[in-house]
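Participant: The C-terminal residue of the sequence shown carries number 355 in our numbering, and the numbering is unbroken.
Beta carbons are placed, not taken as given, at the ideal position from N, Cα and C, and that holds for glycine.
Just so we're clear, the structure is a prediction, and the values are computed from it rather than from any experiment.
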Amino acid sequence: MNVVSIVGARPQFVKAFAVSRELRVDHEEVLLHTGQHYDEELSDVFFDELGIPEPDSNLGVGSGTHGRQTAAMIEGIEEVVESAGPDVVLLYGDTNSTLAGAIAASKMDPQVAHVEAGLRSYNRDMPEEINRVLTDHASDLLFAPSDSAAETLALEGITEGVHVPGDVMYDAILWARDVAVGRSDVLDRLGLAEGEFVLATVHRAGNTDDPDRLEAIVEGLSDAPLPVVLPIHPRTKHRLEEFDLWERATSALTIIDPVGYLDFVRLLDAAERVATDSGGVQKEAFFLDTRCVTMREETEWVETVECGWNVLVGADRAAIGEELSTTQDVGQKPTPYGDGTAAEEIVKILSERVAETSLSLSDD
Ligand code: UD1
Ligand code: UDP
């Protein structure tokens, strides 16, 4: 089987790592990087640390408005898919790189497969929500991380090609958790002790691009009872500067450059709590038994909230401070995201589907 895998932004490198290492055992993969993320600490560091092979192609699209960025990707992806002639185009998550892959490939011959299908926030103001819905509706194979994600697809009339292999980020973290303890010295570098700090990340457009929300988040984090470490996404740094919040933020919080995956997993594992608006970090916190305070009004990862390990606080200063301080017990953790073998299952399903398709073609 030949597969073109499309990645472009930080969380996709982690997801592709988990699938690529299974895929490359018996199959051919062309790795296409759109260039959506290009800074060393948002891109190269993941390839180096995770041993992901260099992308076969990098479109170098860089940053831009949604339309310009997505359009440049569509054009480049079409060319690469045309020349590689794969059996499958594999898409991850909900970024503009995902959507561009879905638009380009769904009008071509290969099967289109979406890893992390069926997630919904039901907030159409999020660009990611549009990307998820459109990608799911353009895909032939849909890999849902949980039963509830598959049920969501069914509610939208998508029942064919839906599988529930579990979550590939769980596969990745099971590998990374122990490796990070051995390889990462981030706690020493930052002078942090296990269980005595809060880890924070903020990058969601709805938070960073609204000065009132961003200020409330900075103030809420500054109310935490422990020191707060914030590896800062470039988007957030730009906005803090633009809104004159940078000095306030750096005086209240320990702001550092974005860190690589192993350092991040080490920080998340050792943190007393995490405050985030990231999708991936909510799940990783859940996998690592770290309580999560999510600075959004809604989440796609509903199972983490239902059991009490994740709490939604929006950009409400008082609620952020309160939830970072609460000592109330949380419930038993369920296991909605599989058993850490999602990638293996995905590769098996893909190769069976490709074999069936080529059989039916040869019958015609
Ligand atoms: C993107 C995804 C988001 C995902 C996030 C992961 C979309 C619509 N958004 O958001 O779903 O959660 O990646 O981190 O696809 N920038 C740099 N260096 C880089 C990349 C970006 O400085 O290497 C800055 C630029 O100012 C850019 C801004 O960050 O304009 C936003 O980058 P972009 O890729 O458009 O969106 P993210 O916020 O990173
Ligand atoms: N991450 C990282 N370094 C950081 C922040 C995050 O390696 O400084 C990793 C994190 O472990 C997770 C992924 O990046 O695997 C999440 O990406 P992000 O929060 O940017 O995007 P989202 O998941 O919200 O789409």
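Find the nearest neighbour of SER357 within the set SER351, SER353, GLU343 and VAL338, judged by alpha-carbon distance.
Facilitator: Past the edges of the chain, shown from -8 to 355, lies residue 357, and the structure says nothing about it.
Participant: Taking 5 Å as the limit, tell me which residues put their C-beta closer than that to any heavy atom of the ligand UD1, in chain order.
Facilitator: Those residues are ALA0, ARG1, GLN27, HIS28, TYR29, ASP30, LEU33, SER54, THR86, ASN87, PRO118, GLU119, PRO225 and ARG226, given in chain order.
Participant: The ligand UDP and HIS194: does the residue's C-beta get closer than 7 Å to at least one heavy atom of that ligand?
Facilitator: One-based indexing of the sequence shown puts residue 194 at position 203. Yes, since a heavy atom of the ligand UDP falls inside the 7 Å radius drawn around the Cβ of HIS194.
Participant: Which residue's Cα is closest to the Cα of ALA0: GLU31, LEU315 and GLU233?
Facilitator: Walking along the sequence shown from the start, residue 0 turns up at place 9. Minimum Cα distance to ALA0 is reached at GLU31.
Participant: Under the three-state reduction of DSSP, which class applies to THR56: helix, strand or coil?
Facilitator: Taking the sequence shown and counting its residues from 1, one reaches residue 56 at position 65. THR56: coil per DSSP, three-state reduction.
Participant: With C-beta atoms as the reference, is GLY157 less than 8 Å away from ASP280?
Facilitator: As a first step, residue 157 must be located in the sequence shown, where it is residue number 166. As a first step, residue 280 must be located in the sequence shown, where it is residue number 289. Cβ atoms of GLY157 and ASP280: not closer than 8 Å.
Participant: How do the region 265 to 281 and the region 190 to 200 stand: do at least 3 beta-carbon pairs fall below 8 Å, yes or no?
Facilitator: Because the criterion of three Cβ pairs below 8 Å is met, the region 265 to 281 and the region 190 to 200 touch.
Participant: Check whether the Cβ atoms of LEU133 and LEU125 sit closer than 8 Å, and answer yes or no.
Facilitator: For this step, residue 133 is matched to residue 142 along the sequence shown. For this step, residue 125 is matched to residue 134 along the sequence shown. No.
Participant: What does the Cβ neighbour count give for ASP248, buried or exposed, with the cut at 16 atoms within 10 Å?
Facilitator: Looking up residue 248 in the sequence shown gives position 257. Its Cβ having fewer than 16 others within 10 Å, ASP248 is exposed.
Participant: Rounded to the nearest angstrom, what separates GLU291 and SER112 at their Cα positions?
Facilitator: What you label residue 291 is simply residue 300 of the sequence shown in a count that begins at 1. What you label residue 112 is simply residue 121 of the sequence shown in a count that begins at 1. Rounded to the nearest angstrom, the two C-alpha atoms are 5 Å apart.
Participant: Under a CB-based cut-off of 8 Å, is SER213 close to chain D?
Facilitator: Although the question refers to chain D, the structure presented lacks it and comprises just one protein chain.
Participant: Please name the residue or residues paired with GLU392 in a DSSP beta bridge.
Facilitator: Here the chain has residues from -8 to 355 only, and residue 392 is not among them.
Participant: Using a Cβ-Cβ cut-off of 8 Å (strictly less than) and excluding sequence neighbours within five positions of ALA333, which residues of its own chain qualify?
Facilitator: Counting from 1 along the sequence shown, the entry for residue 333 is found at position 342. ALA9, PHE134, PRO136, PRO156, GLY157, ASP158, VAL159, TYR161 and ASP162.
Participant: Quick one: what's got a C-beta closer than 6 Å to ARG257's C-beta in the same chain, skipping five residues either side?
Facilitator: Translated into the one-based positions of the sequence shown, residue 257 becomes position 266. Around ARG257: ALA171, SER175 and VAL177.
Participant: For ALA184, count the other beta carbons within 10 Å of its own beta carbon; 16 or more makes it buried, fewer makes it exposed. Which is it?
Facilitator: Locating residue 184 in the sequence shown gives position 193, counting from the first residue. Flag for ALA184 reads exposed.
Participant: Measuring alpha carbon to alpha carbon, tell me which of GLY251, ASP35 and LEU244 ends up nearest LEU212.
Facilitator: The sequence position of residue 212 within the sequence shown is 221, counting from 1. Measuring from the Cα of LEU212, the nearest candidate turns out to be LEU244.
Participant: At a cut-off of 7 Å, would you count PRO249 as near the ligand UDP, judging by its Cβ distance to the nearest heavy atom?
Facilitator: Reading the sequence shown from its first residue, position 258 is the one you call residue 249. At least one heavy atom of the ligand UDP is nearer than 7 Å to the Cβ of PRO249, so yes.
Participant: Using a Cβ distance threshold of 8 Å, determine whether the region 76 to 84 contacts the region 93 to 107, with at least three qualifying pairs required.
Facilitator: Because the criterion of three Cβ pairs below 8 Å is met, the region 76 to 84 and the region 93 to 107 touch.
Participant: If distances are taken between C-alpha atoms only, which option among ILE208, PRO218, GLU347 and VAL153 comes closest to GLY182?
Facilitator: In the sequence shown, residue 182 corresponds to position 191, counting from 1. Residue PRO218 is the option with its Cα nearest to GLY182.
Participant: Looking at PHE4 and ILE43, is the spacing between their C-beta atoms short of 8 Å?
Facilitator: As a position in the sequence shown, residue 43 is number 52, starting the count at 1. As a position in the sequence shown, residue 4 is number 13, starting the count at 1. For ILE43 and PHE4, yes; Cβs fall inside 8 Å.
Participant: Compute the distance between the beta-carbons of GLU288 and PRO327, then report whether it is under 8 Å.
Facilitator: Looking up residue 288 in the sequence shown gives position 297. Looking up residue 327 in the sequence shown gives position 336. Cβ distance not < 8 Å, so GLU288 and PRO327 don't count as in contact.
Participant: Is any non-hydrogen atom of the ligand UDP found closer than 7 Å to the C-beta of GLY270, if you look at the structure I gave you?
Facilitator: By 1-based counting over the sequence shown, the position of residue 270 is 279. Correct: GLY270 has its Cβ closer than 7 Å to the ligand UDP.
Participant: Could you round the C-beta distance between ASN(-7) and HIS24 to whole angstroms and report it? I think they count as a contact, below 8 Å.
Facilitator: If you number the sequence shown from 1, residue -7 lands on position 2. If you number the sequence shown from 1, residue 24 lands on position 33. Not really, about 18 Å apart at Cβ, beyond 8 Å.
Participant: Buried or exposed for GLY51, please, with buried defined as at least 16 other CB atoms from any protein chain shown within 10 angstroms of its CB.
Facilitator: Start at 1 with the first residue of the sequence shown, and residue 51 comes out as number 60. Counting Cβ neighbours within 10 Å, GLY51 comes out exposed, since fewer than 16 surround it.
Participant: What's the call for ALA309, buried or exposed, on a 16-neighbour Cβ count within 10 Å?
Facilitator: Your numbering for residue 309 matches position 318 in the sequence shown. Under this definition ALA309 is an exposed residue.
Participant: Quick check on THR245: does DSSP put it in helix, strand or coil?
Facilitator: In the sequence shown, the residue the question calls residue 245 occupies position 254. THR245 falls in the strand class under three-state DSSP.
Participant: Return the chain-ordered ranges of every alpha helix (DSSP H) run that is complete within the region 129 to 176 and spans a minimum of 4 residues.
Facilitator: The region 129 to 176 contains these whole alpha helix (DSSP H) runs: 138 to 146 and 159 to 174.
Participant: List the whole-angstrom C-beta distance separating GLU20 from SER11, where the pair is believed to meet the contact cut-off of C-beta under 8 Å.
Facilitator: Within the sequence shown, the letter at position 29 stands for residue 20. Within the sequence shown, the letter at position 20 stands for residue 11. Yes, GLU20 and SER11 are in contact; Cβ-Cβ is about 6 Å, under 8 Å.
Participant: Quick one: does the C-beta of TYR252 sit closer than 7 Å to a heavy atom of the ligand UDP?
Facilitator: Position 261 of the sequence shown, counted from the first residue, corresponds to residue 252. Because some heavy atom of the ligand UDP lies under 7 Å away, the Cβ of TYR252 counts as near it: yes.
Participant: Can you find the residues in the same chain that come closer than 8 Å, C-beta to C-beta, to GLU120, ignoring five residues on each side of it along the sequence?
Facilitator: As a working note, residue 120 is residue 129 in the sequence shown. Correct list, in chain order: ASP85, ARG111, SER112, TYR113 and ASN114.
Participant: Run the CB neighbour count on GLU232, radius 10 Å, all protein chains shown included, and call it buried at 16 or more, exposed below.
Facilitator: Residue mapping note: residue 232 aligns to position 241 of the sequence shown, counting from 1. Counting Cβ neighbours within 10 Å, GLU232 comes out exposed, since fewer than 16 surround it.
Participant: Locate the alpha helix (DSSP H) running through TYR252, then write down its first and last residues.
Facilitator: Residue numbering aside, residue 252 sits at position 261 when the sequence shown is read from its first letter. Run containing TYR252: 252 to 261, per the alpha helix (DSSP H) assignment.
Participant: So what's ARG282 in DSSP terms, helix, strand or just coil?
Facilitator: The count along the sequence shown starts at 1 and reaches residue 282 at position 291. The answer is strand: DSSP assigns ARG282 an E or B state.
Participant: Could you pull the start and end residues of the beta strand (DSSP E) that LEU82 belongs to?
Facilitator: Reading the sequence shown from its first residue, position 91 is the one you call residue 82. Element bounds for LEU82: 79 to 83.
Participant: Could you say which of ALA191, GLU343, ALA7 and ILE65 lies nearest to PHE37 if we only look at CA atoms?
Facilitator: As a first step, residue 37 must be located in the sequence shown, where it is residue number 46. Checked all of ALA191, GLU343, ALA7 and ILE65; the closest Cα to PHE37 is ALA7.
Participant: Quick one: give me the first and last residue of the beta strand (DSSP E) that LEU221 is part of.
Facilitator: To locate residue 221, count along the sequence shown from 1; it is residue 230. 219 to 222 is the span of the beta strand (DSSP E), which, as asked, contains LEU221.
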